[in-house]
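Undergrad: Here it is, the structure in full.
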Amino acid sequence: MELLKKLKAIGMPSQLIDKCTRWMQILEDDIDFFSDKWNVLRWKRRPGNARYSNVLFSSISNLGLRAVAKAYILNKRWKSNICDATAVGDMRAIKKLDEILGSKSIMQVNNGDFEIAVGNNVNLQKKLFNFGSWLRINLGLRISYKALATSTIEHGRDGTEEGRRNKLIPIEVMRDFFGLASNESLAPKDRFFINAIVLNSAMGGRVGELASLPVDCLVFHEGAWVLRLFPEKVEGQTLRLFPQDLLPAVKSAVEFLKNLTVGGRRIARKRKESSAVDWYKVWKSPEATEYYARRFCHEWTTSFSIFTPDAVWVGKRNQFIDFVGVQRRLGINGGAKYIGVSARHFKRQVNRQMALKEGVYYSLDSNWRSFPVTLDTPNWREVLLVHPHSVSFNRFEQFYQMRFRHHKTATSIVRKIFDVCLSDQLLKKSFPFTYDANFEGEFHKQIEPVIRDGTGAVLEVEDALMVLPRFFFHTSFNTDLANYTMVSRAQFCYWLADAAKGLDSVFSKYNVIDPRTGNVATFTWHDIRHWLNTVYKQGGLTDLQVNALLSRKSLAQARVYDQTLAIDRSKVVQDLLTSIRQDKAIGQIQETYNILGMTDRQTAEQYLKAAVRIVNPMPHGGCTLDLALKTCRHSLSCLSVNERGDCCESLVVDVENEGQFIELKKINDDANTIREYIQANGGEGGHQDVHFSRVARSTARLLEVRQLK
1 MELLKKLKAI
11 GMPSQLIDKC
21 TRWMQILEDD
31 IDFFSDKWNV
41 LRWKRRPGNA
51 RYSNVLFSSI
61 SNLGLRAVAK
71 AYILNKRWKS
81 NICDATAVGD
91 MRAIKKLDEI
101 LGSKSIMQVN
111 NGDFEIAVGN
121 NVNLQKKLFN
131 FGSWLRINLG
141 LRISYKALAT
151 STIEHGRDGT
161 EEGRRNKLIP
171 IEVMRDFFGL
181 ASNESLAPKD
191 RFFINAIVLN
201 SAMGGRVGEL
211 ASLPVDCLVF
221 HEGAWVLRLF
231 PEKVEGQTLR
241 LFPQDLLPAV
251 KSAVEFLKNL
261 TVGGRRIARK
271 RKESSAVDWY
281 KVWKSPEATE
291 YYARRFCHEW
301 TTSFSIFTPD
311 AVWVGKRNQF
321 IDFVGVQRRL
331 GINGGAKYIG
341 VSARHFKRQV
351 NRQMALKEGV
361 YYSLDSNWRS
371 FPVTLDTPNW
381 REVLLVHPHS
391 VSFNRFEQFY
401 QMRFRHHKTA
411 TSIVRKIFDV
421 CLSDQLLKKS
431 FPFTYDANFE
441 GEFHKQIEPV
451 IRDGTGAVLE
461 VEDALMVLPR
471 FFFHTSFNTD
481 LANYTMVSRA
491 QFCYWLADAA
501 KGLDSVFSKY
511 NVIDPRTGNV
521 ATFTWHDIRH
531 WLNTVYKQGG
541 LTDLQVNALL
551 SRKSLAQARV
561 YDQTLAIDRS
571 KVVQDLLTSI
581 RQDKAIGQIQ
591 ETYNILGMTD
601 RQTAEQYLKA
611 AVRIVNPMPH
621 GGCTLDLALK
631 TCRHSLSCLS
641 VNERGDCCES
651 LVVDVENEGQ
661 FIELKKINDD
671 ANTIREYIQA
681 NGGEGGHQDV
691 HFSRVARSTA
701 RLLEVRQLK
């Protein structure tokens, strides 16, 4: 009953109250539904270095819309297990609607509000369309808003020639990176990222996939080397085949990256085993801040005392000196000469050391006169802080191997405790403290995995490739050997942007030049994915095959990733037309052209231009069917059309293309071998036997025709 009252109090529509009580069961314990800030870090599938990921409902001014937005995000988490990025994106879209609503009730929202909120922003259309549909289903509102406009993509098959040219990385630029990867004159940071480029040129991964590779990413599987990775848009791992010609470069890149990052994995493993403290969480809690400050004071003063009767701390020399022992061996004058001070100063230091044995702490003023330090001394704190055994913020950081988060409240709490501890040190009193294991358990640092799905961790930090000691590449800080950091997608992007910026940049220094412009090459990490997609297409793979290789779901997206220039497409077509005109091709189009040419040359040319408008290169020939407009009638099986050994009417094989006939010979050999196996196991006459007999017959016929030509 109390929950229902609270939901009504925040303006939740009555239609959603019962549903919310059910949906709220999937919220993590540390997320308060009624708070306007949800830390949804656990929704993050690739946490990396993140310590929080907040969804801020306070950005929505309309209280009714704010309540509904919470229900909407919660329902999507309950129904579809959305990640943090989806929730943040939805909130960004709802905020635009909030700017239009003003103080209007959520039950008065209409199509016009949605249309004004979207404006010309194509990115908001789908999200607000989904939100409008949800309002219609759950609140009964008459929202029928539909996204009408479409985004205009300048690259890909449906883009412009200029857009494709700008998107495609020249092969000369990629070749430069393969040469630079082993260059030992490169700074470690630059060599790290250049080897990552080489690795990604074979993988064609999204930058998040590259940043989340496992350390054992290169594996031998079923006769070929493949890359093991975790696709962003598909749960679980996949094995990605890559051109085996790239194996030496890929092996070298992986080995270099593994050797450079071994220290980071070692630290991650050690941190996981040591139950480290989550200091960021500690500073947010006054009770925890006080607890750990008192624990430090107790442990520090138990081990260290400012009363050191065996030696005196000399700040200018940054060392302890046993003046009494030196005097015993060399006398006053000899000892003073040995240490390099005056006899008078030497005597003062001897007296200071002897006083320490009796529990009196002496210091020296600006005139080198000694005086006893008590709580009545005006600057007693400053005097004691010079001693390396006194408690201080710096020693607090060093003791726990952490960096103090200078939170105003936390700093004030720690300073008060240190003042008490300093006075206890001066009075030679022990600092009281009681350990509380249960309380400490609440502040143990949880090591987030690199990747997780609905079942939990998929890849732990100690098993990841892109993990380094903290500040490893930093020029302003020393490497922190107590902490690790994942190389984030942001770091990948920042480096690539800086590497091409200015005359002193890495690309400029090592002459990584775009041959089309003569300027330093510029591109993004995702452009490498476009480049590999285009190379695969130019090598003869279909859209379906490329999508399968690159873990892409939508077949329509293949058009966006193919950056083959129109002039290159035209050249492939023109080369095939020339081969047919010179009777150097094999296939139904060649035969028909020859027959027509015997009687009417003009008709033959008209037929040829109509039949060969597009060429899809394949390892065993070229396909003249426009697969974007027509479905392959033979289900991509060019060589098993019928029993007579005919090939697909759209297949054309170039007589002078040695690579195509090597592939045909391989297919023929494989088909015959498979047939022998099938027949030996009693499968003669079955569907598989018939299929491979057709393939064997058609490839044999093609090989025979080539010999005749």
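Count the sequence shown with the UniProt record's numbering and you get residues 1 to 709, in order.
For every residue, glycine included, the Cβ atom is placed at its ideal position computed from N, Cα and C.
Rounded to a whole number of angstroms, what is the C-alpha to C-alpha distance between Tyr536 and Glu115?
TA: 41 Å
Undergrad: I believe Arg623 touches Leu577 by the beta-carbon criterion, under 8 Å. Please report the beta-carbon distance rounded to the nearest angstrom.
TA: Inspection of the sequence shows that residue 623 is occupied by Cys rather than by Arg. Contact doesn't hold; Cβ gap of about 15 Å is too wide.
Undergrad: Roughly how many angstroms separate the alpha carbons of Thr631 and Asp176, rounded to a whole number?
TA: 40 Å
Undergrad: Throw me the rounded Cβ distance for the Cys217 and Val254 pair, which I believe falls under 8 Å.
TA: 6 Å
Undergrad: Looking at the unbroken alpha helix (DSSP H) that takes in Trp134, where does it start and where does it end?
TA: In the DSSP assignment, Trp134 falls within the alpha helix (DSSP H) that extends over 122-139.
Undergrad: Quick one: residues in its chain with C-beta nearer than 8 Å to the C-beta of Leu41, no 5 flanking neighbours on either side, listed in chain order?
TA: Hits under 8 Å: Pro47, Ala50, Arg51, Tyr52, Ser53, Asp84, Glu448.
Undergrad: Does the Cβ of Trp300 have 16 or more other Cβ atoms within 10 Å, making it buried, or fewer, making it exposed?
TA: buried
Undergrad: Starting from the Cα of Ser275, find the closest Cα among Glu442, Asp29, Thr261 and give me that residue.
TA: Glu442
Undergrad: Using 10 angstroms around the beta-carbon of Leu427, count the other beta-carbons present and answer buried if the total reaches 16, otherwise exposed.
TA: exposed
Undergrad: Do Gly156 and Val572 come within 7 Å of each other at the CB atom, strictly closer than that value?
TA: no
Undergrad: Within the same chain, show all residues whose beta-carbon is closer than 7 Å to that of Asn111, passing over the 5 residues directly before and after it, in chain order.
TA: The residues are Ile143, Ser144, Tyr145.
Undergrad: Could you tell me which uninterrupted alpha helix (DSSP H) segments, each at least 4 residues in length, are contained entirely in the segment 253-324, listed from first to last along the chain?
TA: If we require 4 residues or more, the alpha helix (DSSP H) runs fully inside the segment 253-324 come out as 279-283, 286-303.
Undergrad: Would you identify the three-state DSSP class for Lys428, choosing helix, strand or coil?
TA: DSSP places Lys428 in coil when its eight states are reduced to three.
Undergrad: Out of Leu199, Arg294, Gln237, which one is the CA nearest neighbour of Ser252?
TA: If you compare the alpha carbons of Leu199, Arg294, Gln237 with that of Ser252, the shortest gap goes to Leu199.
Undergrad: For Val615, which three-state DSSP category applies?
TA: coil
Undergrad: So what's Asn39 in DSSP terms, helix, strand or just coil?
TA: strand
Undergrad: What separation, rounded to the nearest whole angstrom, lies between the Cα atoms of His474 and Trp38?
TA: 32 Å
Undergrad: Where does Trp368 sit, in a helix, a strand or coil, going by DSSP?
TA: coil
Undergrad: Just grab the DSSP bridge partners of Met486 for me.
TA: Val467
Undergrad: What do you reckon, are the CB atoms on Pro13 and Leu97 nearer than 7 Å?
TA: no
Undergrad: Tell me, please, which residues DSSP counts as bridged to Thr225.
TA: For the record, residue 225 in the displayed sequence is Trp; it is not Thr. For Trp225, which the question treats as bridged, DSSP gives the partners Phe220.
Undergrad: Using CA coordinates, which residue listed in Gln557, Lys445, Tyr494, Tyr291 is at the minimum distance from residue 740?
TA: Outside the modelled stretch of the chain, which goes from 1 to 709, sits residue 740, for which no answer is possible.
Undergrad: Within a Cβ cutoff of 7 Å, which residues of the same chain sit near Thr409, ignoring the five residues on either side of it in sequence?
TA: Sequence-distant partners of Thr409 (beyond 5 residues in either direction) whose C-beta falls short of 7 Å from its own C-beta, in its chain, are Pro286.
Undergrad: Using 8 Å as the threshold, is the segment 189-199 in touch with the segment 593-607, meaning 3 or more CB pairs across them?
TA: no
Undergrad: Under 6 Å from any heavy atom of the ligand SAH, does the C-beta of Gly140 make it?
TA: Judged by which ligands are present, the structure shown has none, so any question about the ligand SAH falls away.
Undergrad: What's the gap between the Cα of Gly334 and the Cα of Asp424?
TA: Straight-line Cα distance between these residues: approximately 38 Å.
Undergrad: Contact check, Asp480 vs Arg470 under 8 Å by CB: the rounded distance?
TA: With a Cβ gap of about 4 Å, Asp480 and Arg470 count as contacting.
Undergrad: Here's the rule I'm using: 16 or more other beta-carbon atoms within 10 Å means buried, otherwise exposed. How should Met486 be labelled?
TA: buried
Undergrad: In terms of residues, what are the limits of the alpha helix (DSSP H) holding Asn54?
TA: No alpha helix (DSSP H) holds Asn54; the beta strand (DSSP E) holding it covers 54-56.
Undergrad: Can you tell me which of the three DSSP states Asp562 falls into?
TA: coil
Undergrad: Per DSSP, Leu577 forms a beta bridge with which residues?
TA: DSSP lists no partner for Leu577.
Undergrad: How would you label Met466, buried or exposed, when you count the other beta carbons within 10 angstroms and need 16 or more for buried?
TA: buried
Undergrad: Report buried or exposed for Tyr677, applying the criterion of at least 16 other Cβ atoms within 10 angstroms of its Cβ.
TA: Looking at its Cβ environment, which holds fewer than 16 other Cβ atoms inside 10 Å, Tyr677 is exposed.
Undergrad: If the criterion is Cβ atoms closer than 7 Å, does the pair Glu161 and Ala566 meet it?
TA: The criterion of a C-beta distance shorter than 7 Å is satisfied by Glu161 and Ala566.
Undergrad: Got a sec, what are the start and stop residues for the alpha helix (DSSP H) Ile674 sits in?
TA: Counted as a single uninterrupted DSSP element, the alpha helix (DSSP H) harbouring Ile674 occupies residues 658-680.
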